[in-house]
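*Asks:*
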């Protein structure tokens, strides 16, 4: 994808307010809370009739910010321009993730943030090549027309609440797209436990750089998201998820995210008004949860559905299908017994879902997680270090020492415990001494 940056100095456009001094220049509505001209709804963000103009304006702003950080000794800020610009700024993504953790810690909104990311990405149709017609993770769920789709209608009030929780973060970090923010929030909500910030679900291998759609006319058509109670639940799940290019394993693993959250009958038509697990919160009381600890990401969803011993726990027709369909049941049984297997498969499926239909800039995406440190390379064994004469041993002697070392359980990459190591050192010293004497 061509760069959205323009190698120009800022025009008379008021970058902070988004209002041009010339009527011939397209106008960009600001998302700043201080702007008096605001959309009437969170779902209406008319960026511009030209999405490339909006993207270019953002790149100009980021270029301007980078120029201001140059060393003052250059003496000429106006002529220094950087054209390296991504759809979302990596540093802002990292900072936004910390802000999302703070929101999770105080509002217990894990379930709705997970759902927000899912519903934005889950409209993808693998049979449509063109973007954004193919749907997917493109930020379109911020528009009211998509919030009113039947699959969102029962939950739209809560999804709007999720948008309201994230909007201050979007206002604070203008260098992040909505598509990236939704997926960042969804992954973070899985990873962060509401009681201990380091004790949540699996780490999702995410990448960022998703491009936003520019207006509601680019939202996907209705009917692409799953229903909770179709006549043939297993067939319905396959119809929806196969259209996205996902597998039976992905379907079952992703269903496990129901370990988070509740269903409220007044909003979705499913569940009880309250149970012994939800009548006192945390958060707003009420609804029926799938699990007892419904803000803890674990494999209890599969255990509870399999056992069906507690009438206060919700089981939707699509949940029950996981243990009724032979292919689904293989994975559901596995996850009920092995939480690590569930975590591993869920992390893979969630990352796959979050990328569906997205257009990335740069094409390969952006990682905001530190690369794992390279494994330490074992020091090469040099026998001369253990010889009193500081002379290298013969090849035959080296092989003999190695054979003795391996005979007591050692290997070049696996050091022995201290007692074995002491013994082998004695053997080496004796052999080295004999070699030295024979050499003299």
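Residue numbers (the UniProt record's numbering): 1 to 440. Beta carbons are placed, not taken as given, at the ideal position from N, Cα and C, and that holds for glycine.
How many Å lie between residue 293 and residue 208 at the Cα?
*Replies:* What you label residue 293 is simply residue 293 of the chain shown in a count that begins at 1. What you label residue 208 is simply residue 208 of the chain shown in a count that begins at 1. The alpha-carbon atoms of residue 293 and residue 208 are separated by roughly 31 Å.
*Asks:* For a quick check, are the C-beta atoms of residue 331 and residue 321 less than 8 Å apart?
*Replies:* Taking the first residue of the chain shown as position 1, residue 331 is located at position 331. Taking the first residue of the chain shown as position 1, residue 321 is located at position 321. No.
*Asks:* Can you name the start and end residues of the alpha helix (DSSP H) that residue 182 belongs to?
*Replies:* Along the chain shown, read from residue 1 onward, the residue named residue 182 stands at position 182. 178-191 is the extent of the alpha helix (DSSP H) around residue 182.
*Asks:* Which residues does DSSP pair with residue 208 in a beta bridge?
*Replies:* Mapped onto the chain shown, residue 208 falls at position 208. DSSP, once it has assigned bridges, lists 366 as partnering residue 208.
*Asks:* Report the residue from 362, 403, 216, 400 whose alpha carbon sits nearest the alpha carbon of residue 142.
*Replies:* Residue 142 sits at position 142 when you count from the first residue of the chain shown. Answer by Cα proximity: 216.
*Asks:* What residues in its chain sit with their C-beta under 8 Å from that of residue 97, if we drop five residues either side in the sequence?
*Replies:* On the chain shown, residue 97 is found 97 positions in, with the first residue counted as 1. Answer for residue 97: 184, 188, 368, listed in chain order.
*Asks:* What does the Cβ neighbour count give for residue 425, buried or exposed, with the cut at 16 atoms within 10 Å?
*Replies:* Taking the chain shown and counting its residues from 1, the one referred to as residue 425 is at position 425. Classification of residue 425: exposed, given that the 10 Å Cβ count is below 16.
*Asks:* What first and last residue would you give for the alpha helix (DSSP H) that runs through residue 118?
*Replies:* Position 118 of the chain shown, counting from 1, holds the residue named residue 118. 110-121 is the span of the alpha helix (DSSP H), which, as asked, contains residue 118.
*Asks:* Thinking residue 256 and residue 346 are a contact (beta carbons under 8 Å), I'd like their distance in whole angstroms, please.
*Replies:* Counted from its first residue, the chain shown places residue 256 at position 256. Counted from its first residue, the chain shown places residue 346 at position 346. Contact holds; Cβ gap of about 6 Å.
*Asks:* Please list the segments of the alpha helix (DSSP H) lying wholly inside the region 295-370, counting only runs of 4 or more residues, in order along the chain.
*Replies:* Listed in chain order, the complete alpha helix (DSSP H) runs (minimum 4 residues) inside the region 295-370 are 300-307, 317-324, 326-337, 339-355.
*Asks:* State the Cα-Cα distance for the pair residue 353 and residue 238, rounded to the nearest angstrom.
*Replies:* Within the chain shown, the letter at position 353 stands for residue 353. Within the chain shown, the letter at position 238 stands for residue 238. C-alpha separation (whole angstroms): 15 Å.
*Asks:* For residue 282, collect the residues of the same chain with a Cβ closer than 6 Å to its Cβ; drop the 5 residues on either side in sequence, then sort them by chain order.
*Replies:* As a first step, residue 282 is located in the chain shown; it is residue number 282 there, counting from the start. If we look at residue 282 and ignore the five residues flanking it on each side, its Cβ neighbours are 108.
*Asks:* Go ahead and label residue 324 buried or exposed: buried means 16 or more other beta carbons lie within 10 angstroms of its beta carbon, across all protein chains shown.
*Replies:* Residue 324 sits at position 324 when you count from the first residue of the chain shown. Exposed: under 16 other Cβ atoms inside 10 Å.
*Asks:* Let me see if you follow: with CB-CB separation under 8 Å, is residue 200 close to chain D or not?
*Replies:* You won't find chain D in this structure, because it holds only one protein chain.
*Asks:* Among residues of its own chain, excluding the 5 on either side of residue 434, which ones have a beta-carbon nearer than 6 Å to its beta-carbon?
*Replies:* Counted from its first residue, the chain shown places residue 434 at position 434. Correct list: empty, nothing qualifies.
*Asks:* Skipping 5 residues on each side, what residues in its chain have a beta carbon closer than 6 Å to that of residue 341?
*Replies:* Translated into the one-based positions of the chain shown, residue 341 becomes position 341. Once the five neighbours on either side are set aside, the close Cβ partners of residue 341 are 334.
*Asks:* Alpha carbon to alpha carbon, how far is residue 311 from residue 337?
*Replies:* Position 311 of the chain shown, counting from 1, holds the residue named residue 311. Position 337 of the chain shown, counting from 1, holds the residue named residue 337. If I take the Cα positions, the gap works out to 22 Å.
*Asks:* Going along the chain, which residues of its own chain have a beta-carbon closer than 6 Å to the beta-carbon of residue 205, five neighbours each way excluded?
*Replies:* Residue numbering aside, residue 205 sits at position 205 when the chain shown is read from its first letter. Excluding positions up to five away in sequence, the list reads 351.
*Asks:* Give a yes or no on whether the C-beta atoms belonging to residue 169 and residue 100 are separated by under 8 Å.
*Replies:* Walking along the chain shown from the start, residue 169 turns up at place 169. Walking along the chain shown from the start, residue 100 turns up at place 100. Yes, the pair counts as a contact, with Cβ atoms nearer than the cut-off.
*Asks:* Figure out for me which residue from 122, 91, 131, 116 has the closest Cα to the Cα of residue 360.
*Replies:* Residue numbering aside, residue 360 sits at position 360 when the chain shown is read from its first letter. Ranking 122, 91, 131, 116 by Cα distance to residue 360 puts 131 first.
*Asks:* Residue 117 to residue 295, Cα distance in whole Å?
*Replies:* The residue labelled residue 117 in the question sits at position 117 within the chain shown. The residue labelled residue 295 in the question sits at position 295 within the chain shown. Roughly 17 Å between the two C-alpha positions.
*Asks:* Around the Cβ of residue 211, are there at least 16 other Cβ atoms within 10 angstroms (buried) or fewer (exposed)?
*Replies:* The count along the chain shown starts at 1 and reaches residue 211 at position 211. Result: buried.
*Asks:* Find out if the Cβ-Cβ distance for the pair residue 200, residue 190 is shorter than 8 Å.
*Replies:* Against the chain shown, residue 200 aligns to sequence position 200. Against the chain shown, residue 190 aligns to sequence position 190. A contact, by the Cβ cut-off of 8 Å.
*Asks:* Quick check: the region 240-248 against the region 273-292, are there 3 or more CB pairs under 8 Å?
*Replies:* No, the region 240-248 does not touch the region 273-292.
*Asks:* Does the distance from the C-beta atom of residue 358 to that of residue 179 stay below 8 Å?
*Replies:* As a working note, residue 358 is residue 358 in the chain shown. As a working note, residue 179 is residue 179 in the chain shown. Their beta carbons are under 8 Å apart, which means residue 358 touches residue 179 by this criterion.
*Asks:* Would residue 366 and residue 111 qualify as a contact pair, given that the criterion is a beta-carbon distance under 8 Å?
*Replies:* Here the question's residue 366 lines up with position 366 in the chain shown. Here the question's residue 111 lines up with position 111 in the chain shown. Not a contact, by the Cβ cut-off of 8 Å.
*Asks:* Whole-angstrom Cβ separation of residue 289 and residue 314, contact assumed at under 8 Å?
*Replies:* Taking the first residue of the chain shown as position 1, residue 289 is located at position 289. Taking the first residue of the chain shown as position 1, residue 314 is located at position 314. About 6 Å; that satisfies the 8 Å criterion.
*Asks:* Using CA coordinates, which residue listed in 135, 113, 128 is at the minimum distance from residue 121?
*Replies:* As a working note, residue 121 is residue 121 in the chain shown. Residue 121 has its Cα closest to that of 135, out of 135, 113, 128.
*Asks:* Beta carbon of residue 298, beta carbon of residue 339: below 8 Å?
*Replies:* On the chain shown, residue 298 is found 298 positions in, with the first residue counted as 1. On the chain shown, residue 339 is found 339 positions in, with the first residue counted as 1. Yes.
*Asks:* I need the straight-line Cα distance from residue 161 to residue 326, nearest angstrom please.
*Replies:* Here residue 161 is taken as the residue at index 161 of the chain shown, counted from 1. Here residue 326 is taken as the residue at index 326 of the chain shown, counted from 1. Residue 161 and residue 326: Cα-Cα distance of roughly 38 Å.
*Asks:* For a quick check, are the C-beta atoms of residue 119 and residue 254 less than 8 Å apart?
*Replies:* By one-based count along the chain shown, residue 119 stands at place 119. By one-based count along the chain shown, residue 254 stands at place 254. No. Outside cutoff.
*Asks:* Let me confirm a value: residue 438 is counted as buried when at least 16 other C-beta atoms fall within 10 Å, else exposed. Which label applies?
*Replies:* Numbered from its first residue, the chain shown carries residue 438 at position 438. Answer is exposed; the Cβ neighbour count stays below 16.
*Asks:* Name the residue from 124, 251, 300 whose alpha carbon lies nearest to the alpha carbon of residue 219.
*Replies:* The residue you call residue 219 lines up with position 219 of the chain shown. Taking only the C-alpha atoms, the option nearest residue 219 is 124.
*Asks:* Are the CB atoms of residue 159 and residue 147 within a distance shorter than 8 Å?
*Replies:* On the chain shown, residue 147 is found 147 positions in, with the first residue counted as 1. On the chain shown, residue 159 is found 159 positions in, with the first residue counted as 1. Yes, they are a contact pair.
*Asks:* DSSP three-state label for residue 92, please.
*Replies:* Position 92 of the chain shown holds residue 92. Three-state result, residue 92: helix.
*Asks:* So, is residue 278 buried or exposed, given that buried needs 16 or more other C-beta atoms within 10 angstroms?
*Replies:* Taking the chain shown and counting its residues from 1, one reaches residue 278 at position 278. Per the 10 Å Cβ criterion, buried.
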